[in-house]
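Enquirer: Below is one structure. I have some questions about it.
Protein chains in written order, with the working numbering: chain A, 41 to 406; chain B, 41 to 406.
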């Protein structure tokens, strides 16, 4: 099984053990503040009566599901509150495979490394569809790859690691391809609040019994450790997903759900806009410095990663360690994300030191 | 798939909708206070820096794993912190089946209804082994049922619903049976702090590569909704279990882990003793009143349930509704727990009104 976290921990550990100052751009952990209402929600929860510490409804607190449903324009019955996007994707993929319409899952190359790991664990077969150099996904290429063997098409927009945001037309086409092949489009939209392009189009915009949307508050509220996410299923698919959720986890953590609900209700749109502005600034700073250094790089339309390529240093784990030791910058090896990016590194813009990082890289490659 | 929660919610809903006052003895939700250090831990967490809101290590916060390991006399490497005992049991069962030594899971009758549901979801086959009338499990009967088809033997001590606590000799024998059949004994010990008999013996007391122990803080700290539990695996089995945990959930909620660690460190043994005393009192009160009413009943050695049988009223869902409407007491139908208890009802001692409940039942059956 292949998955990101151990590698990601190995890289972070290596950086922590290094004999020098290292700028950490490894993980997808935001370094900015959670909403203050989130903190306040946890404080309030701590003082509730004992019955508030007991099992919530398995599919999630009713008020939270309704709040999510209202925001996403779906029925609350379609929403399952999960242990982050991690569980949401697991439930969605399991549900698609349970339909017994095909055990193949179409993934993109580059890919978020958890997806192949989950596919293998669930007994599915993965087939990779190449994204373009700019990270966009050609629906025609997906249509060619899809067949009656295809159980699911799993995409991520805004994309980790490419930063691509798929336009509405792509989303519409992908749903149509799922329908035409009696498969399910699974759209992981966990970076939706980090659309920097204004192009983001949720798969929920296309009504269909053949698409599942997953999401979480992990990135939008800077709380990857709290573990509250959700999936929106078509009515025809939701019941079995609820059963699996119950049989695996019983329910998602209640203090987390309580605090997220509070934060959803009370957090001003400014909070999200400020974080996008911060990211825009970091993208500019980091890519300008890379440009000045003559490196090749991506400019993300969304999510919070920049990929960069340096002459003569391929994106292996070994070279990632070299960049830590010699340049003092820790990224992720591009090969983790698939064949197509093996000459690249991924840098997460989750540190205020992005300019310094780019300068260090420039100095190293000078 | 068969599982407890929907039925359990149906019964609670029915009780809530009833046109009269109903004493709720349906769920396994404690009605007593969580440790004050648990509340304090949540409050403290709410004020931590943003990095404390990000992903903990997938297998759990290092300090929490070490605290658990020290208390249980195992190596921290063997401990996976899970989303409650629910996920712990799921991981344990999946891990046992992944060994490909047999797809049968031996369950007891009566059984905790999540176990057959999980077995079916994981593609296993269930075989029931009858417990004795008093809830004890005869190792000889288990040995007879076990074979090379057996992947796991799943037990629960102190037991829900019977209240039986298996003696050390039984535990030793069950581990030996697992070893002799190259299977895995999974011992769910989530009620270990509610051993009222002094007889409780953890499967961890028998060193073996063929046993997994699952547990949680849900009952011991009266926090079923916080979702923090753990499983202790043999070193030979732990790696794959960690992978599955990561691929399904990424990690368990960090505020919950933080608060549980605080509570483990700072909660006096008195807290647990007080809750046991409360339960002992409720067992006495409830069973004395049932005795006076001439009903048949169990006296739990542990856990917090009493089963009762009433002349002429079998333990069906329909009759459970009748008891709600006519007696004003809500329990769980015995048939939920298996064939052997279909004439019984289960009453959870999670209300201060146990005497009144028994009197209502007595009056109804008079």
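Beta carbons are placed, not taken as given, at the ideal position from N, Cα and C, and that holds for glycine.
1. Go through the region 175-233 of chain A residue by residue and report every complete run of the beta strand (DSSP E) that reaches 3 residues or more, in order.
2. Please classify residue 390 (chain A): does DSSP put it in a helix, a strand, or coil?
3. Please compile the residues from chain B whose C-beta is within a distance smaller than 7 Å of the C-beta of residue 73 (chain A).
4. Checking 8 Å against the spacing of the C-beta atoms, do residue 342 (chain A) and residue 150 (chain A) come in under that value?
5. Contact criterion: CB-CB distance below 8 Å. Does residue 414 (chain B) meet it with respect to chain A?
6. When DSSP builds the beta bridges, which residues end up paired with residue 166 (chain B)?
7. Leaving aside the five residues before and after residue 379 (chain B) along the sequence, list all residues of the same chain whose C-beta is less than 7 Å from its C-beta, in chain order.
8. Output, in chain order, the set of chain B residues within a Cβ distance shorter than 7 Å of residue 93 (chain A).
9. Is the beta carbon of residue 265 (chain B) less than 8 Å from the beta carbon of residue 305 (chain A)?
10. Report the neighbours of residue 359 (chain B) on chain A: residues whose CB is nearer than 7 Å to its CB, in chain order.
11. Give the residues of chain A in contact with residue 132 (chain B), contact being defined as C-beta atoms less than 7 Å apart.
12. Is any beta-carbon of chain B found at less than 8 Å from that of residue 378 (chain A)?
13. Look up residue 251 (chain B) in the DSSP assignment and say whether it is helix, strand or coil.
14. Answer with yes or no whether the minimum CB distance from residue 287 (chain B) to chain A is below 8 Å.
15. Measure the Cβ-Cβ separation of residue 243 (chain A) and residue 95 (chain A) and say whether it is below 8 Å.
16. Against residue 127 (chain B), what residues of chain A qualify as contacts under a CB-to-CB distance less than 9 Å, listed in chain order?
17. Would the region 366-385 of chain B and the region 68-75 of chain B be scored as touching if the rule is three or more Cβ pairs under 8 Å?
18. Would you call the region 81-101 of chain A in contact with the region 72-91 of chain B, where contact means no fewer than 3 C-beta pairs closer than 8 Å?
19. Could you compute how far the alpha carbon of residue 122 (chain A) sits from the alpha carbon of residue 286 (chain A)?
20. Can you tell which of B:405, B:169, B:263 has the C-alpha that lies nearest to the C-alpha of residue 86 (chain A)?
21. So, with DSSP's three-state summary, where would you put residue 55 (chain B)?
22. Rounded to whole angstroms, what's the CA-CA distance from residue 253 (chain B) to residue 138 (chain B)? Just pull it up for me.
23. DSSP state of residue 373 (chain B), grouped into three classes?
24. Just to confirm the assignment: which complete alpha helix (DSSP H) runs, minimum length 4, are found wholly within the region 258-324 of chain B?
25. Measuring alpha carbon to alpha carbon, tell me which residue in A:395, A:186, A:117 is nearest residue 327 (chain A).
26. Once the 5 residues before and after residue 320 (chain A) are set aside, which same chain residues still bring their CB inside 8 Å of it?
27. Evaluate residue 228 (chain B) with the Cβ neighbour count: other Cβ atoms within 10 Å of its Cβ, from every protein chain shown; 16 or more gives buried, anything less gives exposed.
28. Tell me which same chain residues have a C-beta within less than 7 Å of the C-beta of residue 112 (chain B), skipping the five on either side of it?
29. Going along the chain, which residues of the region 153-184 of chain A sit with their C-beta nearer than 8 Å to a C-beta in chain B?
30. Answer with buried or exposed for residue 174 (chain A), where buried requires no fewer than 16 other C-beta atoms within 10 angstroms of its C-beta.
31. Spatial neighbours of residue 383 (chain A) within its chain, please: CB distance less than 7 Å, with the 5 preceding and 5 following residues excluded, ordered by chain position.
32. Can you confirm whether residue 371 (chain B), when its beta carbon is compared against all beta carbons of chain A, has any partner nearer than 8 Å?
33. Who pairs with residue 349 (chain A) in a beta bridge, going by DSSP?
34. Strictly by DSSP, which residues pair up with residue 63 (chain A)?
35. If the cut is a Cβ gap below 8 Å, which residues of chain A does residue 82 (chain B) touch?
36. What are the residues of the region 270-284 of chain B that lie near chain A, defined by any Cβ-Cβ distance shorter than 8 Å?
Expert: In brief:
1. 190-196, 224-228, all fully within the region 175-233 of chain A.
2. Numbered from 1 along the first chain, position 350 holds the residue referred to as residue 390 (chain A). DSSP, reduced to helix, strand and coil, places residue 390 (chain A) outside both helices and strands of the structure shown, so it counts as coil.
3. The sequence position of residue 73 (chain A) within the first chain is 33, counting from 1. Those are 90, listed as they occur along chain B.
4. If you number the first chain from 1, residue 342 (chain A) lands on position 302. If you number the first chain from 1, residue 150 (chain A) lands on position 110. No, they are not a contact pair.
5. Residue 414 (chain B) lies beyond the residue range present for chain B, which begins at 41 and ends at 406; the question has no answer from this structure.
6. For the purposes of this step, residue 166 (chain B) is taken as residue 126 along the second chain, with counting starting at 1. BP columns for residue 166 (chain B) point to B:145.
7. As a working note, residue 379 (chain B) is residue 339 in the second chain. So the qualifying residues of the chain are 149.
8. Indexing the first chain from 1 puts residue 93 (chain A) at position 53. Within chain B, the C-beta atoms nearer than 7 Å to that of residue 93 (chain A) come from 74, 262, 263, 265, 266, in chain order.
9. Stepping through the second chain from its first residue, residue 265 (chain B) is reached at position 225. Stepping through the first chain from its first residue, residue 305 (chain A) is reached at position 265. No.
10. Position 319 of the second chain, counting from 1, holds the residue named residue 359 (chain B). Neighbours of residue 359 (chain B) in chain A, taken as residues whose beta carbon is under 7 Å from its own, are absent, since the nearest beta carbon is some 25 Å off.
11. The count along the second chain starts at 1 and reaches residue 132 (chain B) at position 92. Neighbours of residue 132 (chain B) across chain A, judged by C-beta separation under 7 Å, do not exist; the nearest C-beta is about 12 Å away.
12. Mapped onto the first chain, residue 378 (chain A) falls at position 338. For residue 378 (chain A), the answer is no, since every Cβ of chain B falls outside 8 Å of its Cβ.
13. Along the second chain, one-based indexing puts residue 251 (chain B) at 211. Here residue 251 (chain B) sits in strand by DSSP.
14. Sequence index remark: in the second chain, residue 287 (chain B) carries index 247 (1-based). Taking CB atoms only, residue 287 (chain B) has a neighbour in chain A less than 8 Å away.
15. For the purposes of this step, residue 243 (chain A) is identified with residue 203 of the first chain, where counting begins at 1. For the purposes of this step, residue 95 (chain A) is identified with residue 55 of the first chain, where counting begins at 1. Not a contact, by the Cβ cut-off of 8 Å.
16. Taking the first residue of the second chain as 1, we reach residue 127 (chain B) at position 87. Under a criterion of Cβ atoms nearer than 9 Å, the residues of chain A adjacent to residue 127 (chain B) are, in order, 123, 288, 289, 290.
17. Too few Cβ pairs lie closer than 8 Å, so no.
18. In the pairwise beta carbon analysis, the region 81-101 of chain A is classified as touching the region 72-91 of chain B: at least three pairs are separated by under 8 Å.
19. Translated into positions along the first chain, residue 122 (chain A) becomes position 82. Translated into positions along the first chain, residue 286 (chain A) becomes position 246. Residue 122 (chain A) and residue 286 (chain A) have their C-alpha atoms roughly 10 Å apart.
20. Working through the first chain from its first residue, we reach residue 86 (chain A) at position 46. Comparing Cα positions, the closest option is B:263.
21. To locate residue 55 (chain B), count along the second chain from 1; it is residue 15. DSSP places residue 55 (chain B) in helix when its eight states are reduced to three.
22. The count along the second chain starts at 1 and reaches residue 253 (chain B) at position 213. The count along the second chain starts at 1 and reaches residue 138 (chain B) at position 98. One alpha carbon belongs to residue 253 (chain B), the other to residue 138 (chain B), and they sit about 17 Å apart.
23. As a working note, residue 373 (chain B) is residue 333 in the second chain. Residue state, collapsed to three classes: strand.
24. Within the region 258-324 of chain B, the complete alpha helix (DSSP H) runs of at least 4 residues are 275-289, 294-306.
25. Translated into positions along the first chain, residue 327 (chain A) becomes position 287. Of A:395, A:186, A:117, the residue nearest in Cα terms is A:395.
26. Indexing the first chain from 1 puts residue 320 (chain A) at position 280. Closer than 8 Å at Cβ, skipping near neighbours: 236.
27. Taking the second chain and counting its residues from 1, the one referred to as residue 228 (chain B) is at position 188. Residue 228 (chain B) should be labelled buried.
28. In the second chain, the residue the question calls residue 112 (chain B) occupies position 72. Excluding residues up to 5 positions away in sequence, 244, 272 lie with their Cβ nearer than 7 Å to the Cβ of residue 112 (chain B) in the same chain.
29. Going along the region 153-184 of chain A in chain order, one finds 154, 157, 158, 161 with a Cβ nearer than 8 Å to chain B.
30. Here residue 174 (chain A) is taken as the residue at index 134 of the first chain, counted from 1. Residue environment analysis places residue 174 (chain A) among the exposed positions, since fewer than 16 neighbouring C-beta atoms fall within 10 angstroms of its C-beta.
31. Translated into positions along the first chain, residue 383 (chain A) becomes position 343. Within the same chain, and ignoring the five residues on either side of residue 383 (chain A) in sequence, the residues whose Cβ sits closer than 7 Å to its Cβ are 349, 354, 355, 374.
32. For this step, residue 371 (chain B) is matched to residue 331 along the second chain. No, residue 371 (chain B) lies away from the interface with chain A (no Cβ there is under 8 Å from its Cβ).
33. Position 309 of the first chain, counted from the first residue, corresponds to residue 349 (chain A). Its beta-bridge partners are A:336, A:384.
34. Position 23 of the first chain holds residue 63 (chain A). According to DSSP, residue 63 (chain A) bridges with A:369.
35. As a working note, residue 82 (chain B) is residue 42 in the second chain. In chain order: 82, 83, 85, 86, 295.
36. Answer in chain order: 283, 284.
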